[in-house]
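So for the sequence shown, UniProt numbering puts the first residue at 1; every next one is plus one.
Even glycine gets a Cβ: it sits at the ideal position worked out from N, Cα and C.
Being a predicted model, the structure only gives us computed values, none of them experimental.
Everything on this sheet refers to the single structure shown next.
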Amino acid sequence: MFSNLKPKTALFIDYSNIFYAKYTVGWYFDIEKLLEHCKTDTNVVFVWVYGAYDPKNLEQYNWVELMKQNFSDSKYLIYFKPLESHGSKNKWNVDTEMWYDLAEYKNLYEHIILMSGDGDFAHPLKKLMDKGKNIIISSTRWHISGLINLSHEYPNQCRFLDFNNTHTESIELRWIIKNSRKWLAIDPALQKFLSTASNGDIQDLIDFIEHREQWKRYMKISARFLTITDKNNFHIYKNIARWQKEEKDLLIKYLTTLLSA
1 MFSNLKPKTA LFIDYSNIFY AKYTVGWYFD IEKLLEHCKT DTNVVFVWVY GAYDPKNLEQ
61 YNWVELMKQN FSDSKYLIYF KPLESHGSKN KWNVDTEMWY DLAEYKNLYE HIILMSGDGD
121 FAHPLKKLMD KGKNIIISST RWHISGLINL SHEYPNQCRF LDFNNTHTES IELRWIIKNS
181 RKWLAIDPAL QKFLSTASNG DIQDLIDFIE HREQWKRYMK ISARFLTITD KNNFHIYKNI
241 ARWQKEEKDL LIKYLTTLLS A
């Protein structure tokens, strides 16, 4: 994803912001692949990831814990906090923590890659560039708010990289939800699965999503699970289990339209 990075480069990843880009522009982002890539890049001094998880979703919690285990050396910080419920809405803002760390540890890096489209970072980034830091803002062009203007204000210190993945299948939700302007991105593995899936396969997937609690005994790699689905499909099922409820509901609606087509 990133090549020819300069020494003393730091990555700050606003995972909550990047994650929800799948709704607005249908952009799929594989954070684990990116973090694996950074393990061997000596120009990257650290990679800090900020996000939130649903404490009621065991798979999300387990995924966060697994991320912390897999990326536990000093180069990484995996900071996820529980979603805060406010009535019918959930709050996942981690801006304050990111602002603090950007400023507090500025002496550890010379170059920043900020993966976020949140316009609230404009002021902190200006302060850092005034101190001589160089910044790459990485997001999708339709999900970057006021940050893209920084590349015009500071042309020698700031540039924008659009990582919209054109190989990702994007479901335009207005076809299943009246007047919706959102999109739902599905990863390449699920896209490939659906391209050849029979109606029975699709129905099995719907049943899994709707009755996940009954399927938990299959969520470990075992011979018993592999009698239901092959290894590739196991990873698809396991990834979907970590999705937010809103995503699962949308995917069920989409799968149902495939069955009725």
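- Restricted to the UniProt domain "NYN" (8–141), the beta strand (DSSP E) segments that are unbroken, complete and at least 3 residues in length are 9–14, 44–53, 76–82, 84–86, 89–91, 111–115, 134–139, listed in chain order.
- LEU11 places its beta carbon less than 7 Å from that of VAL47.
- Checking the DSSP bridge columns, you'll see PHE160 partnered with ILE137.
- Within the model, the alpha-carbon separation for TYR100 versus LEU66 is close to 25 Å.
- DSSP places HIS211 outside both helix and strand once states are collapsed to three, so it counts as coil.
- Around GLY51, the same chain offers TYR15, SER16, PHE80 as residues with beta carbons nearer than 6 Å, after the five sequence neighbours per side are excluded.
- Listed in chain order, the non-local C-beta contacts of LEU128 below 8 Å within the same chain comprise LEU102, ALA103, LYS106, ILE112, ILE135, local neighbours out to five positions each way being set aside.
- For SER198, no alpha helix (DSSP H) encloses it, and the DSSP letter there is neither H nor E.
- Sorting GLU59, LEU114, GLU110, THR257 by C-alpha distance to the C-alpha of MET98 places LEU114 at the top.
- Rounded to the nearest whole angstrom, the C-alpha separation of THR96 and PRO124 is 11 Å.
- A residue is called buried when at least 16 other Cβ atoms come within 10 angstroms of its Cβ; THR9 meets this threshold and is buried.
- At a Cβ-Cβ threshold of 7 Å, ILE78 and VAL49 count as neighbours.
- It is roughly 36 Å from the alpha-carbon of LEU250 to the alpha-carbon of SER151.
- TYR53 and PRO82 have their alpha carbons spaced roughly 5 Å apart.
- Ranked by how close their Cα comes to the Cα of LEU35, the residues HIS235, GLN203, LYS68 have LYS68 in first place.
- Each residue's CA atom was taken as its position, placing ASP73 and SER198 some 43 Å apart.
- When the five nearest sequence neighbours on each side are left out, the beta carbons in the same chain lying within less than 8 Å of the beta carbon of LYS131 are those of LYS106, in order along the chain.
- Counting along the chain, the unbroken alpha helix (DSSP H) around LEU259 starts and ends at 245–260.
- Annotated three-state conformation of PRO188 is helix, per DSSP.
- CA-CA distance, SER138 to GLY117, rounds to 8 Å.
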